[in-house]
Amino acid sequence: MGVFPYPWRGILASSVVASFVLVSYPPHWWKLRFTGSFLSAWLLQTFAYALWKVILWPKFFSPLRSLPQPPGGSWWNGHFKRILAEPSGIPMREWIETVPNDGVMRYLGMGNSERVLVTGPKALSEVLVTKNYHFEKPAALRFNIGRVLGVGVLLAEGDEHKIQRKNLMPAFAFRHIKDLYPIFWGKTREVVQAMTKDILADANNQPSTPNTEKAHKTAVIEVGNWASRVTLDIIGIAGLGRDFGAIKDPRSELNETYRQVFMPSKQAQILGVLSQLVPEWLIARLPVKRNEDINAASQYIRSVCRDLVRNKKLRSEQKEQIDHDILSVAIESGGFSDEDLVDQLMTFLAAGHETTASSMTWAIYMLSRFPKVQQRLRQEIREHLPSIDLDTDITSLDIDHMPYLNAVCNEILRYYAPVPVTIREAALETDILGHKIPKGVRVILAPWATNFDKSLWGPDAHEFNPDRWMPTSSDDKRAASGGASSNYAFMTFLHGPRSCIGQAFAKSEFACILAGWVGRFEFELKNKEEMDEKNVLIKGGITARPAKGMYVYATVVDGCQIMAPDVCIL
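All residue numbers for the sequence shown refer to the UniProt record's numbering, where the first residue is 1 and numbers rise by one.
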């Protein structure tokens, strides 16, 4: 049900009863028949209910009314207009700094529906750790996202989530992630070589320019497309044991399916607003193109995942070589039915490539805005890693010994968390820092706000500064947290039992891909107006991406890798 639940069954039943009474025992002034009586009773009750929910309850009776609240807003629609107009998390970023609070505040959404914004470390600790199962993902959100992501570990709740996470944890153990670096680097090499080929081909087809030498090595690319293709291939091999071939084939059906699903659209935004008012099952049945696309995507992705499960089980029964990908670990646990496995695969396929692709997109954007950071990073990469052209694997130690690469990755993940806002709903009447939270109230966790909180990160919280993660001495422990005063300052992967199970996987994959790209290419924004990040339109949805794509000039960089001086790009 939407966040402004309309009790249609109760109002419908009481309207029928009232109509029957009015028609059977009419007062002398009542002239309407049954239909007119029913409509009158229904309209009166609907008006009374709306008055109670929109005005009386939030302003005069709610136990949350005493919480600090941002100024402004409509008398009947709260702060919804601003929330709809700006990228997710941006209004919360301002409110955290301008509205005095003890870690909890209230704002009003559509129809003055109450939202509790959690800001401080102690409050975040309660929601994410000590009382984490008091707060669940809303049913409407689980239904809508689950159509594409499946009801896997990301959307499971309660005991079901505990069991699923326990069964899947071995696949994400550090010792297993270390073994995946050759896969990460192998796919990075493949995508960089494919990008190089396309860039040089496009550059040679361009008219001559004054700087002909550079022009012959430069072309425009759309970052998000390449990022999605390489991350889809990586999660395919490392997670499911299959190479989807998205790098080789930009129009592969699976890649195109996800592109369609995650593409921003006005229709998706309208359906999102409607879901605030009516049951999610009704939204899903509306005969509109967005629903047709989602349904077709869901059917295709499920069929792909069923084939993967079937083939993997067949190999297991034939006692072929034991794999260590996520699917194999899930099967070995014995804790999942075939359809449960399909849901898990849908989750890891979508979440496992879309979030890292988002991070890569923003990484190239920020490095284009800060060329000195890009140059410094390229120097470190070329000092420590072999050439992309060499058929040489790297290990986790190679990446670990590159402090600036890790600093840049951490700062990108802080500055542009792939998921700007996470929503929870009180599953029972509970409290946060002693503030009573009624059952059903939405609780908002906003990485795009907390990751910029000056009270946690210091006065430069709004600045892009990878050096905050660089140790100044051998015993500098603050650098591990970026100098933040609390672990809860960095909310990109959340914390506690519901934190991202694939955090280590994602960070390792991200570092490998970024190292490969920056080692080979120099990036520069095509649209110079985007040097001001306010000019970048950000799409709404599960992850944050540039609404119109991220187009950059990519130049193949000359020079030799210090690790491989005999291999030069000339």
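From the three backbone atoms N, C-alpha and C, an ideal C-beta is built for every residue, glycine too.
- Taking a 10 Å sphere around the C-beta of ARG65, we find fewer than 16 other C-beta atoms and assign the residue as exposed.
- Bridge pairing for MET105: LEU117 [DSSP].
- Annotation: the segment 207 to 292 contains the following complete segments of the alpha helix (DSSP H) (minimum length 4 residues), in chain order: 212 to 215, 223 to 234, 253 to 262, 266 to 274 and 280 to 284.
- The C-beta of ASP340 has 16 or more other C-beta atoms within 10 Å across all chains shown, which makes the residue buried.
- Taking ASN255 as reference, the option from ILE237, GLY239 and LEU232 with the minimal CA-CA separation is LEU232.
- Taken in chain order, the unbroken stretches of beta strand (DSSP E) that lie wholly in the segment 397 to 438 and span 3 residues or more are 422 to 426, 430 to 432 and 435 to 437.
- Scanning its chain for C-beta atoms nearer than 7 Å, with the 5 sequence neighbours on each side dropped, one finds around ALA297 the residues VAL148, THR257, GLN260 and VAL261, in chain order.
- In terms of Cβ geometry, ASP325 and ALA219 do not form a close pair [threshold 8 Å].
- In the DSSP assignment, ALA41 falls within the unbroken alpha helix (DSSP H) covering 34 to 51.
- The beta carbons of ARG165 and ILE399 sit no closer together than 8 Å.
- When secondary structure is reduced to three states using DSSP, GLU86 falls in the coil class, being assigned neither helix nor strand.
- Membership of ARG442 in the beta strand (DSSP E) is indicated by the continuous run 442 to 445.
- The alpha-carbon of ASP467 is positioned some 11 Å away from that of CYS409.
- Excluding its 5 nearest sequence neighbours in each direction, PRO100 has C-beta neighbours in its own chain below 7 Å: PRO68, listed in chain order.
- Three or more beta-carbon pairs separated by less than 8 Å are not found between the segment 221 to 235 and the segment 171 to 178, which leaves the two stretches without contact.
- If you draw a straight line from the Cα of TRP185 to the Cα of PHE521, it comes to about 16 Å.
- For THR492, no beta strand (DSSP E) encloses it, and the DSSP letter there is neither H nor E.
- Judged by DSSP in its simplified three-state form, ALA511 adopts helix.
- Judged by DSSP in its simplified three-state form, VAL552 adopts strand.
- Separation of LEU108 and GLU97 (C-alpha to C-alpha, rounded to the nearest whole angstrom) is 18 Å.
- Boundaries for PHE60: no alpha helix (DSSP H) harbours it, and the DSSP string shows neither H nor E there.
- Note that the C-beta distance between VAL556 and LYS217 is below 8 Å.
- Our two residues, GLY73 and ARG545, have alpha carbons roughly 27 Å apart in a direct line.
- For LEU525, the enclosing beta strand (DSSP E) begins and ends at 521 to 525.
- By the C-beta criterion, the segment 35 to 44 is judged to be in contact with the segment 15 to 27, since at least 3 inter-stretch pairs fall below 8 Å.
- The C-alpha of ALA426 lies about 11 Å from the C-alpha of ILE432.
- Here PRO546 carries a strand assignment [DSSP, helix/strand/coil].
- Assigned with DSSP and collapsed to three states, SER24 falls in helix.
- Fewer than three pairs of CB atoms, one per stretch, sit closer than 8 Å, so the segment 141 to 159 makes no contact with the segment 434 to 453.
- Counting the other CB atoms within 10 Å of its CB gives ARG229 a total of 16 or more, which places it among the buried residues.
- Each residue's CA atom was taken as its position, placing TYR181 and PHE505 some 10 Å apart.
- When the Cα atoms are used, LEU349 and GLU429 turn out to be separated by approximately 35 Å.
- In the DSSP assignment, LEU141 falls within the alpha helix (DSSP H) that extends over 139 to 149.
- Going by DSSP, HIS384 is part of the alpha helix (DSSP H) stretching over 371 to 384.
- Residue pairing for ILE538: DSSP places it in a beta bridge opposite PRO546.
- Rounded to the nearest angstrom, the Cβ distance from MET470 to PRO403 is 6 Å, consistent with a contact under 8 Å.
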